[in-house]
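S.K.:
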Amino acid sequence: GIRFPVDVGLVGDAPATLRELLPLLPRNEDTTFLEKGRAAAADWLALMELRGTRPEMPMKPQVVAWELGKLIADDAIIASDSGTIATWAARQIRIRAGQRFSLSGNLATMANGFPYAIGAQLAFPDRQCVAFVGDGGFQMLMAEFATCVQERLPVKVVVIKNNTLGMIKWEQMVFLGNPEFGVELSPVDFVGFAEACGGRGVRIDDPARAREQLAGALAMDGPVLIEAVVDPFEPPMPPKVTLEQATNMAASLARGEPNRKRIGLTLFRDSISESAFPAADAGVAARVVDAVGSLIGRNEAKGEGPAEPAADQERGTDR
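When we follow our numbering, the leftmost residue of the sequence shown carries the number -19, and every step to the right adds one.
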């Protein structure tokens, strides 16, 4: 009752408690709710597969997660970073019975995925351990790859490389309505870094070869770093986009978001490719593009150009 009000509080082992409760519950013969839920789940899973198998360039991060999920061992332990990386992992990596998945879900700690995988490999030396991480998070603890080489830990590290602190970028735009600021990262040659540490590195940037290259990297002995170069403008769309989120996104683009054309084009292409899926909520994504055009048009009609973010207006500075 601490987090949610209850009428009768039960304390006990969940399976045992449920077994005692089941005989007391009247059987519900109406399966309408169940069938509706099953249909919605099937539609959602089909949408996740669509996003995980898209062939266009630049490669989508969902493609990397989808192919990785198909290839990891039946008893694999996979650890994910927080942020947009957690979105791709949770949606496109279908965890199977016998596998384990670790994530800093409540604290949302950056750079947790790699040390989680190292710890798992030490605890379970005979199991495949994979870190699914972002380039921003990985740079905080990348020196530990040398530790894997030194200790001969065969951890496989999949680095999603978009040269961006992804979740911060999208939160600035969707929650605050401001253009991105301070989230771009200088490109790092992660393959070269892995080799400099004495390990092995593989670069993936083509969805047509992603499965083949991932399979080859996972089969290598010792620690391996897999640098997956992906589309930096692919948004981690929520299951349902609220009107406020769509409006804030439009405002951020109209206020001078430096990559507004690329982001707008990505949103448009995504909404078109997913238009057949009710779970995609693609109509809202399309309305973002409409709202952007409307806001930009109004500003240009007034001769104002892109509006400044509110924070910059208060400071009276230029970006």
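Just so it is clear, CB atoms sit at the ideal spot from N, CA and C, and this is done for glycine as well.
Have a look at Glu160, Arg189, Met229, Pro134 and flag the residue whose alpha-carbon is nearest the alpha-carbon of Leu198.
M.R.: Closest option to Leu198, Cα to Cα, is Pro134.
S.K.: Taking 8 Å as the cut-off, decide whether the C-beta atoms of Leu48 and Glu254 are in contact.
M.R.: no
S.K.: Are the beta-carbon atoms of Met120 and Ser232 separated by less than 8 Å?
M.R.: The Cβ atoms of Met120 and Ser232 lie no closer than 8 Å to each other.
S.K.: Is the beta carbon of Met122 closer than 8 Å to that of Arg71?
M.R.: The answer is no: Cβ separation not under 8 Å.
S.K.: Just the Cα atoms here: how many angstroms apart are Asp201 and Thr64?
M.R.: 29 Å
S.K.: Evaluate Leu245 with the Cβ neighbour count: other Cβ atoms within 10 Å of its Cβ, from every protein chain shown; 16 or more gives buried, anything less gives exposed.
M.R.: Exposed, because fewer than 16 other Cβ atoms sit within 10 Å of the Cβ of Leu245.
S.K.: Which partner residues of Glu164 appear in the DSSP bridge assignment?
M.R.: By DSSP's assignment, Glu164 forms a beta bridge with Thr144.
S.K.: Taking the beta carbon of Gly301 as the centre, do at least 16 other beta carbons fall within 10 Å, making it buried, or is it exposed?
M.R.: This structure gives no information on residue 301, because the portion of the chain shown stretches from -19 to 299.
S.K.: Which first and last residues belong to the alpha helix (DSSP H) in which Arg71 is found?
M.R.: 64 to 72 is the span of the alpha helix (DSSP H), which, as asked, contains Arg71.
S.K.: Can you find a CB in chain B that lies within less than 8 Å of the CB of Gly146?
M.R.: Of the protein chains in the structure, only one exists, and it is not chain B.
S.K.: Excluding sequence positions up to five away, which residues of its chain have a Cβ less than 6 Å from the Cβ of Leu(-2)?
M.R.: So no residue of the chain qualifies.
S.K.: Quick check on DSSP: helix, strand or coil for Ile(-18)?
M.R.: coil
S.K.: Go to Leu102, then tell me how far its alpha helix (DSSP H) extends in each direction, as first and last residue.
M.R.: 93 to 103
S.K.: Can you give the beta carbon distance from Asp54 to Arg76, rounded, assuming they're within the 8 Å contact cut?
M.R.: 6 Å
S.K.: If contacts are defined as beta-carbon pairs under 8 Å, then Ile206 and Val138 qualify, I think. What distance do you get, rounded to the angstrom?
M.R.: Ile206 to Val138, Cβ: 5 Å. Contact.
S.K.: Under 6 Å Cβ to Cβ from Ser82, same chain only, skipping five residues before and after it: list those, please.
M.R.: Ala59, Tyr96
S.K.: Starting from the Cα of Thr144, find the closest Cα among Gln108, Ala100, Glu224, Asp211 and give me that residue.
M.R.: Check the Cα spacing between Thr144 and each of Gln108, Ala100, Glu224, Asp211: the tightest is with Asp211.
S.K.: Assuming Cys109 is part of the beta strand (DSSP E), what are its boundary residues?
M.R.: 109 to 114 is the extent of the beta strand (DSSP E) around Cys109.
S.K.: Span of the alpha helix (DSSP H) holding Arg(-1)?
M.R.: In the DSSP assignment, Arg(-1) falls within the unbroken alpha helix (DSSP H) covering -6 to 1.
S.K.: Helix or strand or just coil, what does DSSP make of Ser255?
M.R.: coil
S.K.: Which residues mark the beginning and the end of the alpha helix (DSSP H) in which Glu15 is found?
M.R.: 12 to 32
S.K.: Is it right to say Gly181 is buried, meaning 16 or more other beta carbons lie within 10 angstroms of its own, or is it exposed?
M.R.: buried
S.K.: Shortest alpha-carbon distance to Ala91 belongs to which of Arg74, Leu4, Phe125, Gln108?
M.R.: When each option's Cα is compared against that of Ala91, the closest is Phe125.
S.K.: In chain order, what residues of the same chain lie with their CB nearer than 6 Å to the CB of Val163, ignoring the 5 residues before and after it?
M.R.: Thr144, Leu145, Ile148, Lys149
S.K.: Please identify the residue among Asp61, Asp250, Phe(-16) whose C-alpha is closest to the C-alpha of Ala88.
M.R.: Asp61
S.K.: Quick one: Cα of Met217 to Cα of Ser251, how far?
M.R.: 11 Å
S.K.: Around the Cβ of Arg34, are there at least 16 other Cβ atoms within 10 angstroms (buried) or fewer (exposed)?
M.R.: In the assembly as shown, Arg34 is a buried residue. Its beta-carbon has 16 or more other beta-carbons within 10 Å.
S.K.: Can you list, in chain order, the residues of its chain whose CB lies under 7 Å from that of Pro(-15), leaving out five sequence neighbours each side?
M.R.: none
S.K.: In terms of residues, what are the limits of the beta strand (DSSP E) holding Gly157?
M.R.: Run containing Gly157: none; DSSP gives neither H nor E here.
S.K.: Can you tell me which residues form a DSSP beta bridge with Gly202?
M.R.: BP columns for Gly202 are empty, so no partner.
S.K.: On a CA-only basis, which of Thr127, Val43, Arg(-17) is nearest Glu214? Give me that one, please.
M.R.: For Glu214, the nearest C-alpha among the options comes from Val43.
S.K.: Between Phe257 and Ala103, which are expected to be in contact by the criterion C-beta below 8 Å, what is the C-beta distance as a whole number of angstroms?
M.R.: Not a contact, Cβ separation roughly 40 Å.
S.K.: From the DSSP output, which residues share a beta bridge with Glu237?
M.R.: DSSP lists no partner for Glu237.
S.K.: Use the C-beta contact count for Ala176: other C-beta atoms within 10 angstroms, 16 or more gives buried, fewer gives exposed.
M.R.: exposed
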